[in-house]
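J.:
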Amino acid sequence: MDFRTFVNKENFKAILLQHLKDQVKSSFNSAILKKLNENFEKEETTSTDALVSTISTDIFDSEEYPEFLNSFLGNVNTLLEDEDKYIPKNHKPACSSQCSSASSVNASSIDFLRPDQFQNIVQTLNNGTNAEKLEALATLHHLPTMEHVIHHFSWSDVEKGLHDSLSSKIVFLKAESLKFYVKMLSCPESKVVQESYLSLIKYFLQILLPSLSQISEECDFVSQCKSAVEILSILNKFLQNISTHWLRYPQSVIESITIQSLSILSTICNESSTFPIWMCFALCDPEAKWLKSLLHGHVSRACLLEALRKNKEILQQAVELCDKFCDEENTSLVKDECCQKSHLVANLSHVICFLSHLLQYSEGRKILSSEQEDKFLSNWISVLKIVMNSVYKLCDNSCFNCCLIVCGTVSKKWHYLLCYDKSSIPLDDLIQILATPFSTEDNVSLNTFYFAMQCFSETYQNFYVSHSIEPVKNIQDFVFQLFSQFTNHFSDCDWNDEPSVLYLFNASLILIKRIFLIPSSLFFNIDFIDILSKWWLKIKTLTGIKASVSNCQTVKYDKDIFSEIHKNMLDVSLCFLRKPVGINLCSDLSVFELGLNILLEKILEDLKSRHCVCSCDISILSTALNSSISVKTLLNKTIVFRLSSIIWQFIESGNDALENLPSLKCILENVLPSIFWDLTSTEIIKSSDLASENNLLENVLLFPNLSNEFIISEDYNILGLQIISLLSSSIHSVCLLQVKYNTTDLLLDLLSQHMSIDDEIVIDPISVLQNHILAKLFVVGGPSEKNLPDETFQNDSNSYNWPFITELPIPEVFYGSQNDSSDDDCQMEFNDDNLDVDLKEKILDLIQQKENHSPKFIFQLLKKSIDVLQCDLTFPLNVTTLDDSNSKLCEEEFAGIALVERYGKHLNLITDDDEGRLEQLLKASKTLIGSDESKKLDIFVCTVYLIFKSDIEIAWLFLQNFAKSFNSIFIWRELMVQISENTSQKYVKLSTIMLEWCDIVIKKTFPLLFSAFEFRGILPSVIYNYWTLQSYWNYLDFMEISHFVLLNVLYSFEYSLYFFASILKHLYNFILQNAHSNDLYSLLLKNSIQGFKACDYIDFMNNLSTTFHESISQSIVAVL
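Those letters in the sequence shown? Residues 1 to 1120, by full-length UniProt numbering.
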């Protein structure tokens, strides 16, 4: 064991000097105090100079002074010798003596020792010559097992011999003895470890430490100090690693080791000797890892804390040292000289980390608050403030490298402090402690700023674990303050002069990542968004620094920091794409495209290196491609080519195709629903034969070359059909599939060719899937309004009881329940003078009734709402009438009209005589809101048409009034699109605010559900956006869709969020059961919502409104 691996030469000198200073104090302190007391008792007025002169004379004339002076000067002279060796020159290895009995044993390969042989070795260790002792130690060291060494008949003799060897002036004996102790401490037998550990502590406390306080020759002084440092280093290293072995140790051994470990640092030990034990521990382990290791185990932690509770002197000493450092006006640490005083920095760092490890645990915080009358140990929050102020002062008075250890260790403990139990720190106190350096007018040092940002970053997620998810105002203010000062003061620092700026940049990236991972009303703060944009521009300037660094040889910093910054920049870029608020920040299209390309490159790299993809990355890609920015600008051939390349990486990989299918399915199911409409409707890829199986599969499989026989295999064919089945849940995609690919006729033709020799359709996975898709393409409706055949084949053709669809119209068995055609008279009396309040008070009670309502009931309620709609939206509408509209409908919209009319007739809401009325209403509404260029079917208008039972005059009157209502933005999607494209950005922000509030509501109300979505890389707002885009068609029965419209028309717009939250509550168990499945997203998009009734969740929605209405309204008003 090389001593220099523990403590370097300069630190060893610092330990010796400190010991000499303490010896001076210890030797003459009593004489000085005696003289002072005599002067005070006489009450004589003596000048300070005279008093010092008298005391000095008394000391110089004393008998102890000459002897101490000679020893002290000799020790200093030895200490200051510029030698590479720590061993004094006059210590030569002893000459070899005659072989002892131990030499007869082959030390290199000992398998067994007889009792008499072992006894001879022990006797030699105690009574032999130096050479014989060395041989005996070597023999013991090579023993294959140490159990018989600690036998109760022999251990005392072995221990005595080891202690004698450690006390010897022969350097080689000391080294071999320590080497043997190290082997024993590494032994798997717990008893051996315990005895050797206690023996080494016993030698240190009872033999070595007292000798260090005595006056000795200079050579002995240095040698003994070296031994002390070596032993403390070994003990410290043992404690650092001991937690990994706790499981194999009995509880008694753990308790014994833990209690004895504290005895080294006890005040009694320090009072009996002037040797700087704390400094030795600090230089070996400035992070106090030894304490962290002891606190890691449950048994050792309980034992250690109990020992500290009984003897609080160690805690008092540690806190007092930090407090003294804080109160010093002229600190001994100066930035330019701190590295030369590393022993002082290490000592302070060790004490700070020591207290920080205790503050991590609630039991430790209780001990630090157990003495109500004590100056320091009456309140653990006061101790925390002292620790933090010490770190702040250390940061202000030392260089970045010297305070880096403390910053890293203390900041990682902060998230334990805010645990929202009895031992937790109040939120206001936490922010006040963090903001302490910013409370003065002086500029905060860069090191202090870095430390504060690290602490806040570690704690940020805990702010949202509390009952209230919204951060209080002072948290928002602190975040804004951090980034404002960073952007205005530190971002322009010269990184050549201040290398720590790079670490500050990196810390800010980490904090932003954590901010973006949590839904928060912080994103509604316009000032924060502005400062965030400036911050990102500053960060981007770092990307060009790395090239110039390679040519600069004088900069002192870790160049790996650039790699870490680059990695975190990529992560932040992905965070921007993860949520609509972040995408809004990328209003500069080059920034958005850059982030999208980074994400695609990351996916491609994962495919090349690991032959798999991260489902979270695919979900982020889906969210990004579903944004308005990508739809209008970035969905071009370049992006499509990159997406296609992802598929090709799977196809061309050497893996089995079956192994690739799950990952391929994950990619396609997450990405295609977001981009299929724009991909196909814009005809980025044109084909001469659109209505063909290959062309259809090319589009849903992102254009691999299907001419390859490997690709067109049955597995890929099934995968393509599964994606088409998923797309068929969307009304818009159904319209596109029918118009562009004539999918129904295509599948009917393929199914007719799937015949056996008996002219019967073969029942297999392909035919079952085709039959399922045909039913979804033709029948629209909620779970009780349609009956879909099985999607998967159960490996038993006899278990498939559904008829195959061979022609249109499809069999009646695929249709579900119908509405009662008789319109019962629903008499409702309202007070016309106060219609708004009266209607709102009654509607929830009426919906909450358990019996089904008739279509006429919904019709009357919505008709009444026309009179209470508020015209608070300033978006300019076009003046038109039902008969004067010049708008034209496209093929996709006509295909949608056929679906809607078929659906309405099935529900008995319209008749054959109403043909053409929906077309007229759609044309008028397109002119009204200016959506002539849109090819998408306006599902909200279709919903209103069916609610009003084809009475287009009343429906038109409602649409004209509702288009002026603020609530319309959030459920009439075509209107929202037109407003976003043709008006100010504030309406675009409203949409993103609603999506952010969706995530906030779900995280606060259902934290487990939010975690399940987050685990799959999905935000709840993505599902909300997809469902509300088509007004829950194909997901809910029409009566529940009508309730959804009514609630949002008559009440505040956020009821769309509460309605969505009610559905997630209904699906609670289903979502948690599938939380670890890659299919969670596709299952929610593909399947209808079974058994949901809005009437069951009215009270729940009202409670959510009580909780969130005020906050949501304030954020909306702030934007407007």
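All C-beta atoms in this analysis are idealised placements derived from N, C-alpha and C, irrespective of residue type, glycine included.
1) In the DSSP assignment, the alpha helix (DSSP H) including T440 goes from what residue to what residue?
2) Can you list, in chain order, the residues of its chain whose CB lies under 6 Å from that of R973, leaving out five sequence neighbours each side?
3) My output table needs one value for K289: the three-state DSSP class, helix, strand or coil.
4) Taking contact to mean 3 or more Cβ pairs, one atom from each stretch, closer than 8 Å, check whether the segment 773-785 and the segment 924-935 are in contact.
5) Who are the Cβ neighbours of K385 in its own chain at under 7 Å, not counting the five residues just before and after it?
6) Would you call K413 buried or exposed, if buried means 16 or more other Cβ atoms sit within 10 Å of its Cβ?
7) According to the Cβ coordinates, are E393 and F325 closer than 8 Å?
8) Let's see if you can read the secondary structure: which residues bound the alpha helix (DSSP H) around A963?
9) Going by beta-carbon coordinates alone, are I929 and A963 separated by less than 8 Å?
10) Per DSSP, what are the beta-bridge partners of I761 in this structure?
11) Quick check: the Cα distance between G916 and T927, rounded to an integer number of angstroms?
12) Could you give the C-beta distance for N126 and D157, rounded to a whole number, given that I count them as a contact under 8 Å?
13) Of the residues Q960, I773, W956 and I667, which one's Cα is nearest the Cα of D1079?
14) Alpha carbon to alpha carbon, how far is E1110 from F1059?
15) Would you check if the segment 525-543 and the segment 998-1014 touch, i.e. whether three or more CB-CB distances between them fall below 8 Å?
16) Would you please state the rounded distance, in angstroms, between the beta carbons of L355 and C322? I believe it to be under 8 Å.
17) Please report the Cβ distance between L262 and L304, rounded to the nearest whole angstrom; I am assuming they are in contact, meaning their Cβ atoms lie under 8 Å.
18) Express the C-alpha separation of L173 and I231 in angstroms, rounding to a whole number.
19) So, L247 versus S227, is the Cβ gap smaller than 8 Å?
20) Compare the Cα-Cα distances from G782 to each of H906, I766 and C614 and report the closest residue.
21) Cβ of T274 within 8 Å of Cβ of S300?
22) When you compare only the Cα positions, how much space is there between R514 and D606?
23) With a threshold of 8 Å, are at least 3 pairs of Cβ atoms found where one atom belongs to the segment 714-721 and the other to the segment 873-885?
24) Since I believe P673 is in contact with L1085 (beta carbons under 8 Å), could you give me their beta-carbon distance rounded to a whole number of angstroms?
25) How is the alpha helix (DSSP H) around I731 delimited, first residue to last?
26) What's the gap between the Cα of D913 and the Cα of E901?
27) Give me whichever residues DSSP pairs with Y815 in a beta bridge.
28) Work out the CA separation of S520 and D999 for me, nearest whole Å.
29) In this structure, does DSSP put R114 in helix, strand or coil?
30) Please report the straight-line C-alpha distance between A136 and N130, rounded to a whole angstrom.
31) With DSSP run on the structure shown, which of helix, strand or coil describes P876?
32) My output table needs one value for C998: the three-state DSSP class, helix, strand or coil.
33) Nearest CA to the CA of G896: which residue from Y1026, I1041 and S730?
34) Around the C-beta of A924, are 16 or more other C-beta atoms found within 10 angstroms, so that it is buried, or is it exposed?
35) Taking P276 and I405 to be in contact with their CB atoms under 8 Å, please state how far apart those CB atoms are, rounded to whole angstroms.
36) Spatial neighbours of Q485 within its chain, please: C-beta separation below 8 Å, excluding the five flanking residues on both sides.
T.: If we stick to the structure as given:
1) Counting along the chain, T440 falls outside any alpha helix (DSSP H), and DSSP gives it neither H nor E.
2) L1029
3) helix
4) no
5) I433
6) buried
7) Checking the displayed sequence, the identity of residue 393 turns out to be Lys instead of Glu. Yes, they are a contact pair.
8) Per DSSP, A963 belongs to no alpha helix (DSSP H) and is neither H nor E.
9) yes
10) M755
11) 17 Å
12) 6 Å
13) I667
14) 18 Å
15) no
16) 7 Å
17) 7 Å
18) 14 Å
19) no
20) H906
21) no
22) 24 Å
23) no
24) 6 Å
25) I731 to Y741
26) 11 Å
27) K786
28) 8 Å
29) coil
30) 10 Å
31) coil
32) helix
33) S730
34) buried
35) So it is not a contact: roughly 19 Å between Cβ atoms.
36) F438, V444 and F449
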